[in-house]
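From first to last, the protein sequence lines are chains L and G. Each step along the first sequence adds one to the number in our numbering, with nothing skipped, and position 69 is 71. Each step along the second sequence adds one to the number in our numbering, with nothing skipped, and position 280 is 282.
There are 2 protein chains.
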Amino acid sequence: MSKKLTSRSEDYSKWYNELVVKADLAENSAVRGCMVIKPYGYAIWEKMQAELDRMFKETGHQNAYFPLFVPKSLFEAEEKNAEGFAKECAVVTHYRLQNDPDKPGKLRVDPEAKLEEELVVRPTSEAIIWNTYKNWIQSYRDLPILVNQWANVVRWEMRTRLFLRTAEFLWQEGHTAHETEAEAIAEAKQMNEVYATFAENFMAIPVIQGVKTESERFAGAVETFCIEALMQDGKALQAGTSHFLGQNFAKAFDVKYANKEGKQDYVWATSWGVSTRLMGALIMTHSDDNGLVLPPNLAPNQVVIVPIYKNEEQLEAITEVVNGIVKDLRSKHITVKYDRRDTLRPGAKFAQHELQGVPLRIAIGARDLENGTVELARRDTLTKEVVSLDGLTDKVEGLMTEIQESLFKKALDFRDSHITEVNSFEEFKDVLEKKTGFISAHWDGTPETENKIKELTKATIRCVPFVNNEESGVCVYTGAPSKGRVLFAKAY
Amino acid sequence: MSKKLTSRSEDYSKWYNELVVKADLAENSAVRGCMVIKPYGYAIWEKMQAELDRMFKETGHQNAYFPLFVPKSLFEAEEKNAEGFAKECAVVTHYRLQNDPDKPGKLRVDPEAKLEEELVVRPTSEAIIWNTYKNWIQSYRDLPILVNQWANVVRWEMRTRLFLRTAEFLWQEGHTAHETEAEAIAEAKQMNEVYATFAENFMAIPVIQGVKTESERFAGAVETFCIEALMQDGKALQAGTSHFLGQNFAKAFDVKYANKEGKQDYVWATSWGVSTRLMGALIMTHSDDNGLVLPPNLAPNQVVIVPIYKNEEQLEAITEVVNGIVKDLRSKHITVKYDRRDTLRPGAKFAQHELQGVPLRIAIGARDLENGTVELARRDTLTKEVVSLDGLTDKVEGLMTEIQESLFKKALDFRDSHITEVNSFEEFKDVLEKKTGFISAHWDGTPETENKIKELTKATIRCVPFVNNEESGVCVYTGAPSKGRVLFAKAY
């Protein structure tokens, strides 16, 4: 394989960019800010999708599909949402190209084919969906509507980074409609909980659940719940959000229902989403200077087997044993790849699988055949051991669980040791500079103070955590009274 | 449920449109020509996706994701492809909206935010993908590339119909790169075969495999293979295409590889796709005047169970029995829904499930409890029978296979009885008028004759079939010599 990655301590950002490309996860495209998700990266995303989709369906949701385009008049209907996204949206103005009369072989927009109304490429789908729900909802019998969409969206960001911030990204967006405020709030919280469970159990990423402040809220939401994770460089990453939208969209699109008593009322709404940004979170939580580290639950190949042989005869004998191992592992639903490419030497294969984060590597050579053993190499700890073929399947099965849990534990320890309670602004700045991570501090609750702190330190309020929030004190910046600590951090 | 559908004999096109909407499959949106795929319709599409995806992976393909946008300069690189799609493409020209100074509360395109280069919303992805493959391919070791993408595409069609022809649609597009011409042709044929197998075994739609004539070929292809199906109204529907692209895109994007001898050569390509159009084919192959008819392999619910009760006590007793049935059926991987809504009477439930094409309905009432029986109602034949609870699971399992096969057989009989060999142009026109369906006729092989026949009859050459094509004769229109019969039809 190609030469080593830049180390994390040398340049974390460079390490990340190199890793994404060299591990074959994604790359930049010819379109400004848009990425190509390569097959290996996409296979990880597919695993995320499958599990999330299962969880959504288990909580009663169904998938549907709504148009890519939002007519301008619908886009502007919910004022705050429109204001929030107007500055970064791609706009379709024409529906045809024609030969450019001045440049043979080139095309240009056909001036005769101008749309009567411009179409915004969806940055999020509340507008087009609520305009549709209007026709789906007449009475309480039509509620709740529990729908999710897997889709691409476009936000014309100026500074982009693979997975973390791209002009086009893939996501899912849930859009639900309810009879009551309480039911909608419960739904928004439930989906935030689903995201937390997914992040922790599947991605092995510990997250903090909480509420966003007004300035960090989704444009058009009454309340935004979120899951916040901490990356290895001490910066926070918002990994998922779930919004209680109140009746804002119902009012903007005039969506009323008749309740059991026949009285008309506006419908209550939620929306919630996670995106390919999760790939960035996954990479920056577990990976090391040798490359990607994947939790077994998300690894396209949980195990690779590499034969070490000097001639065809040895390869054949090894392959016979490997076929048995593969069969046994697959019967336990462990995904395994036998890497018998003859174009690469074992060392090169080892390097590639290490770079690509395969959780467990099994090497088997001529001496192993004699001894009835194989060599196991764990990607997370970079440790090796020689084990007997007897009981190998159980051993590997156990290791899958152990690696998954160990990665979570390691990330949790790191996260917990990077939450610092501070009680003065000096301390605040000091921690940001030396240790980074989450800063747990009192805040007076005003957007002015929040902005001032952001200006001075680049740290934002990541969330008001659901847990551990009942303690009165004084604002770290203004000294005004505070009802509880909030979490600040520099963030992706 | 709402009132009856227009019958097929009265107005086939109206029947189709009503069915799509009333069975909750899809509806028109606020965006011209773009549809909303509703949860029930989307659930069927998800079943298609899952099976196709499995088949693609089984044949060695991996999924990836490429940008939604194609910069104009890439779009125009392969001349024929560009020419074919230029007339119907949505073009992004700006990346920001701003407050309209003349209309308070309204937005307008920000004239300062004009893109330097326009972006075409992909109508198909050859251009953006081959521009990417250029960087992935240096030598024969990098080949073949076997990649598929699930995505939305946009073609600004003027006359649209739900599923059949929409401005935005969902599809998969495979894009492969090969060392040799023979390998690429074999790949294109293999994927056409995959589509045929899927259509026949999964959708219960018999298809004819063949090659398109030059005028019906994909823009930029050397050869287009296809599967053609016949709808109940005697019109043909192109259900999938697989293209051998030769070296056209490799040349347009300068994609060369070094072969084993170190010699540089252009790469050989294929692309292949099926889309949400398949939903239209499914509906128009099997459904009847009562609504949708679904083959069990694609039904979101293969079985529904409706309780018939007078009071809570009866419902409880029925539910106890039903719970056992549900458990047994699920253990056989049969998807079953127990419809115990108390807001609808049994008759209304029957009507809904009939309209939505659930393959098998089980009704169970108080008398059934006494007799140890249930009533089975087949959607495809509209027949009912009372059967014993003993052996019910095996009975239902057998029916799933029987219904699947019976639907295929029925469609095959219809199709085969609607292929007419004609030997004169009078006969040709007569069949088109009275019987419709496929017309098997000799053709002189020239685009001129093909166009003339199209002008006169609206029938096009659907394909030159792979099978039964070795018979010399004279062109049905010009009398010039012909090497074999081709299939004409009016088509969707």
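For glycine and all other residues, C-beta sits at the position ideal for the given N, C-alpha and C.
Which residues DSSP lists as bridging residue i, in chain order
i, result
"Q316/L", "Answer is none; Q316/L lacks a bridge partner."
"S11/G", "Per DSSP, none; premise fails for S11/G."
"N101/G", "L109/G"
"P467/G", "G212/G"
"A493/L", "A238/L"
"Y135/L", "Answer is none; Y135/L lacks a bridge partner."
"Q64/L", "V149/L"
"L2/G", "No statement about residue 2/G is possible, as the shown extent of chain G runs from 3 to 494 and does not include it."
"K116/L", "H96/L"
"R487/G", "H444/G"
"G481/L", "Its beta-bridge partners do not exist; DSSP assigns none."
Presumed contact (8 Å Cβ cut-off) between residue i and residue j, rounded CB distance
i, j, result
"F430/L", "V478/L", "6 Å"
"V22/L", "W132/L", "At roughly 36 Å, the Cβ-Cβ gap does not stay under 8 Å, so V22/L and W132/L are not in contact."
"R10/G", "F165/G", "Not quite, the Cβ-Cβ distance comes to about 17 Å (not below 8 Å), so this is no contact."
"Q100/L", "A260/G", "At roughly 40 Å, the Cβ-Cβ gap does not stay under 8 Å, so Q100/L and A260/G are not in contact."
"W152/G", "Q249/G", "Not quite, the Cβ-Cβ distance comes to about 27 Å (not below 8 Å), so this is no contact."
"A413/G", "T287/G", "5 Å"
"R363/G", "V308/G", "6 Å"
"S244/L", "Y197/L", "7 Å"
"A1/L", "A241/L", "Chain L is shown from 3 up to 494; residue 1/L falls before or after that span and cannot be answered."
"V224/L", "F246/L", "5 Å"
"Y494/L", "M233/L", "7 Å"
"P146/L", "E185/L", "7 Å"
"K437/G", "K460/G", "Not confirmed; about 15 Å, so no contact."
"G359/G", "A28/G", "That belief does not hold up - the Cβ atoms of G359/G and A28/G are roughly 14 Å apart, past 8 Å."
Where residue i meets chain B, residues with beta-carbon distance less than 7 Å
i, result
"H96/G", "You won't find chain B in this structure, because its protein chains are L and G."
* Sequence ranges, alpha helix (DSSP H) only - wholly within the region 379 to 424 of chain G, length at least 4 -> Taking only runs of at least 4 residues, the alpha helix (DSSP H) segments lying wholly in the region 379 to 424 of chain G are 394 to 418.
* Asked: Would you say the region 31 to 51 of chain L touches the region 160 to 171 of chain L, given that touching needs at least three Cβ pairs under 8 Å?
  -> Contact holds between the region 31 to 51 of chain L and the region 160 to 171 of chain L, because three or more Cβ pairs, one in each stretch, are under 8 Å apart.
* To do: State whether the region 331 to 347 of chain L contacts the region 291 to 307 of chain L, with contact taken as three or more CB pairs (one from each stretch) at a distance under 8 Å.
  => The answer is yes - the region 291 to 307 of chain L touches the region 331 to 347 of chain L, with three or more Cβ pairs under 8 Å.
* Asked: Counting pairs of beta carbons, one from the region 282 to 300 of chain G and one from the region 190 to 207 of chain G, are three or more of them closer than 8 Å?
  -> Yes: at least three Cβ pairs fall under 8 Å.
* Do three or more CB pairs link the region 447 to 464 of chain G to the region 411 to 421 of chain G at distances below 8 Å? -> Counting C-beta pairs with one atom in each stretch, the region 447 to 464 of chain G and the region 411 to 421 of chain G have fewer than three that are closer than 8 Å, which means they do not touch.
* Asked: Is the region 113 to 122 of chain G touching the region 74 to 90 of chain G in the sense that three or more CB pairs, one from each, lie closer than 8 Å?
  -> Cβ pair count under 8 Å is three or more, so yes.
* To do: Evaluate the contact criterion for the region 456 to 466 of chain G versus the region 213 to 226 of chain G: three or more CB pairs, one atom per stretch, below 8 Å.
  => As far as the Cβ criterion goes, the region 456 to 466 of chain G touches the region 213 to 226 of chain G, which means the pair count is three or higher.
* Quick one: complete beta strand (DSSP E) runs, 3+ long, within the region 273 to 311 of chain L? -> Taking only runs of at least 3 residues, the beta strand (DSSP E) segments lying wholly in the region 273 to 311 of chain L are 305 to 310.
* Asked: Is there contact between the region 314 to 322 of chain G and the region 248 to 266 of chain G, where contact requires at least three CB pairs shorter than 8 Å?
  -> Touching, no, given that fewer than three Cβ pairs across the two stretches are closer than 8 Å.
* Of all the residues that make up the region 30 to 50 of chain L, which are near chain G by a beta-carbon distance shorter than 9 Å? -> From the region 30 to 50 of chain L, only S31, A32, V33, R34, C36, M37, V38, I39, K40, P41, Y42, G43, Y44, A45, W47 and E48 have a Cβ closer than 9 Å to chain G.
* Closer than 8 Å, Cβ to Cβ, to anything on chain L: give me those residues from the region 55 to 73 of chain G, in chain order. => Here the close residues are Q64, N65, A66, Y67, F68, P69, L70, F71, V72 and P73.
* **Residue ranges of each alpha helix (DSSP H) within the region 185 to 256 of chain G, 4 or longer** => Counting only unbroken stretches of 4 or more residues, the alpha helix (DSSP H) elements lying wholly within the region 185 to 256 of chain G are 250 to 254, in sequence order.
* Output the residue ranges of the beta strand (DSSP E) runs that lie fully inside the region 334 to 385 of chain G and measure 3 residues or longer, sorted by chain position. => Along the region 334 to 385 of chain G, the beta strand (DSSP E) occurs as fully enclosed runs of 3 or more residues at 338 to 340, 362 to 367 and 375 to 380, listed in sequence order.
* With 7 Å as the C-beta to C-beta threshold (strictly closer), list the residues of the region 334 to 367 of chain L near chain G in chain order. => Flagged, chain order: T345.
* To do: Please list the residues of the region 78 to 90 of chain G that have a C-beta atom closer than 8 Å to any C-beta atom in chain L, keeping them in chain order.
  => From the region 78 to 90 of chain G, only E78, E81, A84, A88, K89 and E90 have a Cβ closer than 8 Å to chain L.
* Asked: Between the region 58 to 65 of chain G and the region 284 to 295 of chain G, do three or more beta carbon pairs fall short of 8 Å?
  -> Touching, no.
* Contact list for the region 162 to 178 of chain G against chain L, Cβ threshold 7 Å -> Result list: E170 and L172.
* **Touch test, the region 178 to 188 of chain L against the region 263 to 270 of chain L, Cβ-Cβ under 8 Å, three pairs minimum** => The region 178 to 188 of chain L is in contact with the region 263 to 270 of chain L.
* Compile a chain-ordered list of the residues in the region 124 to 142 of chain G whose CB is closer than 9 Å to at least one CB of chain L. => From the region 124 to 142 of chain G, only I130, I131, N133, T134, N137 and W138 have a Cβ closer than 9 Å to chain L.
* **Positions along the region 269 to 297 of chain G whose CB lies within less than 7 Å of some CB in chain L** => Residues passing the 7 Å Cβ filter: none.
* Between the region 141 to 159 of chain L and chain G, which residues of the former have CB atoms less than 8 Å from a CB of the latter, in chain order? -> Residues of the region 141 to 159 of chain L whose Cβ lies closer than 8 Å to any Cβ of chain G, in chain order: R143, V149, A153, N154, V156 and W158.
* Asked: Which parts of the region 426 to 471 of chain L are runs of the beta strand (DSSP E), unbroken and 3 residues or longer, counting only runs that do not cross its ends?
  -> The DSSP assignment places 440 to 444 and 462 to 467 as complete runs of the beta strand (DSSP E) inside the region 426 to 471 of chain L, in order along the chain (cut-off: 3 residues).
* Is the number of C-beta pairs between the region 358 to 376 of chain G and the region 388 to 407 of chain G that are closer than 8 Å three or more? -> Taking 8 Å as the limit for Cβ pairs, the verdict is that the region 388 to 407 of chain G does touch the region 358 to 376 of chain G.
* Going along the region 182 to 201 of chain L in order, which residues come within less than 8 Å of chain G, judged by CB to CB distance? -> Taken residue by residue, none of the region 182 to 201 of chain L has a beta-carbon sitting less than 8 Å from a beta-carbon on chain G.
* Which residues, in order along the region 103 to 116 of chain G, keep a beta-carbon less than 9 Å from a beta-carbon of chain L? -> Under the 9 Å Cβ criterion, the region 103 to 116 of chain G contributes G107, K108, L109, R110, V111, D112 and A115.
* **Chain-ordered residues of the region 232 to 261 of chain G with a beta carbon less than 9 Å from chain L** => Answer set for the region 232 to 261 of chain G: empty.
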